[in-house]
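**Student:** Here's a structure for you.
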Amino acid sequence: MKIRFGADYYPEHWPRERWETDAKLMEEMGLDVIRMAEFSWSKMEPSLGNYNFGWLDEAIEILARHGMKTVLGTPTATPPAWIIEQSPEILPVDSKGRTRGFGGRHHDCQSNPVYRAHIHRFVTAMAQHYKDNPNVIGWQIDNELGNSHNDLCHCSSCRSHFQEWLANKYGSIDNLNARWGTAFWSQTYDKFEQIPTPMITPNSHNPSLLLDWKRFHSDLIVEFQQFQIDIIRDICKDQFITHNLMGFFGLIDYFDLGKNLDFVSHDQYATGYFDNPQPGKSPQRLGAELDFVRGVKQQTFWIMEQQSGPTGWEILGRTPRPGQLALWAAQTVAHGADTVVFFRWRPCSFGTEEYWHGILHHSGVPGRRYDELKNMISQLAPLMDEFKGALPESEVAILYSYEQNWAFEIQPHHPKLNYTHQVQKYYKALYDAQIPVDFINHKEDLSKYKLVIAPLQFLMTRKMEDKFKDYVKQGGRLVLTMRTGVKNMDNVCMTDGHLPGGLGDLLGIEIKDYDCLRAMDMGVEFEGKAYRSEKWCDIVSPTTARTIASYTEDFYAGTPAITVGKAGKGEAYYVGTEPDDNLMREFIKLLTRISGISSLGKAPEGVELVRRRTSTFDYIFALNHTEEIQELEPAADWQQVLGEKELAPYGIAVFKVKR
44 MKIRFGADYY PEHWPRERWE TDAKLMEEMG LDVIRMAEFS WSKMEPSLGN YNFGWLDEAI
104 EILARHGMKT VLGTPTATPP AWIIEQSPEI LPVDSKGRTR GFGGRHHDCQ SNPVYRAHIH
164 RFVTAMAQHY KDNPNVIGWQ IDNELGNSHN DLCHCSSCRS HFQEWLANKY GSIDNLNARW
224 GTAFWSQTYD KFEQIPTPMI TPNSHNPSLL LDWKRFHSDL IVEFQQFQID IIRDICKDQF
284 ITHNLMGFFG LIDYFDLGKN LDFVSHDQYA TGYFDNPQPG KSPQRLGAEL DFVRGVKQQT
344 FWIMEQQSGP TGWEILGRTP RPGQLALWAA QTVAHGADTV VFFRWRPCSF GTEEYWHGIL
404 HHSGVPGRRY DELKNMISQL APLMDEFKGA LPESEVAILY SYEQNWAFEI QPHHPKLNYT
464 HQVQKYYKAL YDAQIPVDFI NHKEDLSKYK LVIAPLQFLM TRKMEDKFKD YVKQGGRLVL
524 TMRTGVKNMD NVCMTDGHLP GGLGDLLGIE IKDYDCLRAM DMGVEFEGKA YRSEKWCDIV
584 SPTTARTIAS YTEDFYAGTP AITVGKAGKG EAYYVGTEPD DNLMREFIKL LTRISGISSL
644 GKAPEGVELV RRRTSTFDYI FALNHTEEIQ ELEPAADWQQ VLGEKELAPY GIAVFKVKR
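Under my numbering, read the sequence shown as residues 44 to 702, first letter to last.
Right, here's the structure in full:
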């Protein structure tokens, strides 16, 4: 079954007589799959136990006659008004104690047992109805879990669940008090039932409480998804289950969320959602999100929502230029998407998203966007069967940790220091050098990579220290950065010695002081040239390490900014500041040269090279992210299979290379 391109479709928004026309246009465009129903609870159950799947059955059948399969979404992001009327206690409560009302979506508390009972009843009925439908191939659980829940939920149900989670983790209240350091500000608890959720206070909450709240919040959403997975798996034996992620969205640990899915999906909007300024995202940011999503399960993925027009609710984004929609879709395929589903088929004429545009305009008449994507599908879809399931086989990995991210959200130190942005600075230098990158979590095997970059390892365990040490001693090259080894996993500062704690011997350094660069930056000398850095300076004292870059200003001028220490067969680098783009570029050049890591090839600025590797061939994508014609000089053994070596503005080409 070839499932390569599709669209998100809402037949309930359009007259029945239009459905056949839409299906015919979809077939002519080359679509294979349609996602439906993820927001249609009130249409499918207009009152308690009164199920109405007939309209959806008919839509599925019409699409099937035109060669398309269906993925169904469980509509648990939009409990209908009659449920709220009967059970208002399922509405979520924000950190200021305000109950959020009905309207929009995600107006629900995901821990509430009454809401869970409604979900169990409805998802069971929906799964039973579609378990044997040959045209339904899979399920999407809910929609963008965590979306709209950043400040939710603090209701009595969530508080009791949080307290239970803490009791299971710590065992006794005395243990929690000791590990959190609740002696500070007289916050000692006598029992778990006294512990609040982090609602608004006169000052700041204990950072240990805040980190555990973020962990609990993530675990709750993972468990909420698993609650639905278990229902569907028990009933639907031959249909896949996925969920649509949102790139570097930080509320949920996607490594946990993706664990029990057949594969993950992702929503890719190149101009961003409501980003200011517009257009929102750079090509490297888009590439990073795709590589990260691939890293969640270390396998290929689906795009469940691929931008197909201007985005917008109350405020609109930029209109994609001719060629950009096809380019962005090709970029997702290049980075590991086996299926691309466009959001949306046609913009609605009513409701919040009436200006979130789609393949068709409001008129429903095919135009420039339809023609552009139809042409791209006709060229790219046949090739996708050749490299389905293929990964890039990267030699470089970037370690990504949600707990590190959460810790910096709680205490960023510098107002502009952001964990995800720091990670992306390292990624950008590799991206610009045309070097494939994997994102991994702390559980992954490091030994298959020549170079591992682990930014901002703020929270540290003995187990992770040992893992880093073993990797380097066996011949790996490891990059650690400022603010490494500062705290334990309870978000409490280490006190056993100088920073970076247990990694000091591996790195060959001690850090006895540091400087938060407020309203200033810092000069750095590297390989005889002057550069700038920003946000932070660790004041490093080498013990056995060699200095490869030095600060040039302030009272610590001449002290190391970057060091390298040897251990066993490998090397461990320490970067005590945030390099500017120029310094980062040169540092990455040094690392990749020493590590024997090759780029995919040379390309003009603004042209991205991406690889998908099978057992016999490399498929190299050349993606022109500029509005100018770009001339590519492919290697002699690159066989062109799509496009031309002269890349049109926003043009693409694909080459096949024998391994």
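We put the CB at the ideal spot given by N, CA and C, even for glycine.
1) To which residues of the same chain is S638 closer than 7 Å at the C-beta, ignoring the five residues directly before and after it?
2) Locate the alpha helix (DSSP H) running through Q230, then write down its first and last residues.
3) Out of M44, S83 and R655, which one is the CA nearest neighbour of K112?
4) What residue range is occupied by the uninterrupted beta strand (DSSP E) comprising K578?
5) Can you give me the start and stop residues for the beta strand (DSSP E) that V684 sits inside?
6) Taking F660 as the reference, give the member of L675, Q683 and E651 with the closest Cα.
7) So, helix, strand or coil for K703, using DSSP?
8) Helix, strand or coil: how does DSSP classify C152 here?
9) Quick one: Cα of M72 to Cα of S437, how far?
10) Does the Cβ-Cβ distance between C580 and L560 come in under 8 Å?
11) Contact between the segment 277-289 and the segment 174-182: three or more CB pairs below 8 Å?
12) Could you please give me the residues that DSSP links to W345 through a beta bridge?
13) In the DSSP assignment, what are the bridge partners of F48?
14) With a 10 Å radius around its C-beta and 16 neighbouring C-beta atoms as the bar for buried, classify H668 as buried or exposed.
15) Residues in its own chain within less than 8 Å of F306 by CB, not counting five upstream and five downstream?
16) Output the distance between the C-alpha atoms of P622 and K612, rounded to the nearest integer angstrom.
17) Assign S83 to one of two classes, buried (16 or more other C-beta atoms within 10 Å of its C-beta) or exposed (fewer than that).
18) Going by DSSP, which residues form a beta bridge with T115?
19) At which residues does the beta strand (DSSP E) containing P622 begin and terminate?
20) Nearest to P365 by alpha carbon, out of M525, E415, D310 and D558?
21) Does DSSP classify E63 as helix, strand or coil?
22) Measure the C-alpha to C-alpha separation of Y594 and K688 and round it to an integer number of angstroms.
23) Can the beta-carbon of D533 be found closer than 8 Å to that of W223?
24) When you compare the CB positions of N531 and Y574, do they come within less than 8 Å of one another, or not?
25) Could you give the C-beta distance for Y443 and N418, rounded to a whole number, given that I count them as a contact under 8 Å?
26) Please check the pair I496 and V522, which I expect to be a contact at CB under 8 Å, by giving their CB distance rounded to whole angstroms.
27) Assign T382 to buried or exposed, taking buried as 16 or more other Cβ atoms, counted over all protein chains shown, within 10 Å of its Cβ.
28) Name the DSSP beta bridge partners of T606, please?
29) In angstroms with no decimal places, state the Cα-to-Cα distance between G140 and H248.
30) Which value, in whole angstroms, describes the spacing of the CA atoms of N218 and A210?
31) Do N287 and S261 have their CB atoms nearer than 8 Å?
**Tutor:** On the basis of the data shown:
1) Position 595 of the sequence shown holds residue 638. The answer, listed in chain order, is K493, L494 and R520.
2) Counting from one through the sequence shown, the residue named residue 230 turns up at place 187. Q230 -> no alpha helix (DSSP H), and no H or E assigned at all.
3) One-based indexing of the sequence shown puts residue 112 at position 69. Nearest C-alpha to K112: M44.
4) For the purposes of this step, residue 578 is taken as the residue at position 535 of the sequence shown. K572 to P585 is the span of the beta strand (DSSP E), which, as asked, contains K578.
5) Translated into positions along the sequence shown, residue 684 becomes position 641. Its beta strand (DSSP E) spans residues Q682 to L685.
6) Your numbering for residue 660 matches position 617 in the sequence shown. Answer by Cα proximity: Q683.
7) Outside the displayed span of the chain (44 to 702) sits residue 703, for which this structure offers no information.
8) What you label residue 152 is simply residue 109 of the sequence shown in a count that begins at 1. If DSSP states are grouped into helix, strand and coil, C152 belongs with coil.
9) Along the sequence shown, read from residue 1 onward, the residue named residue 72 stands at position 29. Along the sequence shown, read from residue 1 onward, the residue named residue 437 stands at position 394. Near 34 Å, if we compare the C-alpha coordinates of S437 and M72.
10) For the purposes of this step, residue 580 is taken as the residue at position 537 of the sequence shown. For the purposes of this step, residue 560 is taken as the residue at position 517 of the sequence shown. Their beta carbons are under 8 Å apart, which means C580 touches L560 by this criterion.
11) yes
12) Numbered from its first residue, the sequence shown carries residue 345 at position 302. Looking at the DSSP assignment, W345 forms a beta bridge with S308 and T382.
13) For the purposes of this step, residue 48 is taken as residue 5 along the sequence shown, with counting starting at 1. Answer is V383, bridged to F48.
14) Taking the sequence shown and counting its residues from 1, the one referred to as residue 668 is at position 625. Classification of H668: buried, given that the 10 Å Cβ count is 16 or more.
15) Indexing the sequence shown from 1 puts residue 306 at position 263. So the list reads F283, T285, K340, Q342, T343, F344 and W345, once near-sequence residues are dropped.
16) In the sequence shown, counting from the first residue as 1, residue 622 sits at position 579. In the sequence shown, counting from the first residue as 1, residue 612 sits at position 569. One C-alpha to the other measures close to 27 Å.
17) Here residue 83 refers to the residue found at position 40 of the sequence shown. The residue is buried, with at least 16 neighbouring Cβ atoms inside 10 Å.
18) One-based indexing of the sequence shown puts residue 115 at position 72. The residue asked about is misnamed: residue 115 is Leu in this sequence, not Thr. Answer is M79 and W182.
19) The residue labelled residue 622 in the question sits at position 579 within the sequence shown. P622 -> beta strand (DSSP E) spans T620 to P622.
20) Looking up residue 365 in the sequence shown gives position 322. Per the Cα distances, E415.
21) What you label residue 63 is simply residue 20 of the sequence shown in a count that begins at 1. If DSSP states are grouped into helix, strand and coil, E63 belongs with the helices.
22) Translated into the one-based positions of the sequence shown, residue 594 becomes position 551. Translated into the one-based positions of the sequence shown, residue 688 becomes position 645. One C-alpha to the other measures close to 44 Å.
23) Along the sequence shown, read from residue 1 onward, the residue named residue 533 stands at position 490. Along the sequence shown, read from residue 1 onward, the residue named residue 223 stands at position 180. Yes.
24) One-based indexing of the sequence shown puts residue 531 at position 488. One-based indexing of the sequence shown puts residue 574 at position 531. No, the Cβ-Cβ distance between N531 and Y574 is not below 8 Å.
25) Along the sequence shown, one-based indexing puts residue 443 at 400. Along the sequence shown, one-based indexing puts residue 418 at 375. Between N418 and Y443 the Cβ distance is about 36 Å, and since that is not below 8 Å, they are no contact.
26) For the purposes of this step, residue 496 is taken as residue 453 along the sequence shown, with counting starting at 1. For the purposes of this step, residue 522 is taken as residue 479 along the sequence shown, with counting starting at 1. With a Cβ gap of about 4 Å, I496 and V522 count as contacting.
27) Position 339 of the sequence shown holds residue 382. T382 should be labelled buried.
28) The sequence position of residue 606 within the sequence shown is 563, counting from 1. DSSP output for T606 lists T590 and Y617 as bridge partner(s).
29) Counting from one through the sequence shown, the residue named residue 140 turns up at place 97. Counting from one through the sequence shown, the residue named residue 248 turns up at place 205. Distance between the alpha carbons of G140 and H248 is about 16 Å.
30) On the sequence shown, position 175 is the one that residue 218 refers to. On the sequence shown, position 167 is the one that residue 210 refers to. Their backbone Cα atoms lie some 10 Å apart in a straight line.
31) Here residue 287 refers to the residue found at position 244 of the sequence shown. Here residue 261 refers to the residue found at position 218 of the sequence shown. Taking 8 Å as the Cβ cut-off, N287 and S261 do not qualify as a contacting pair.
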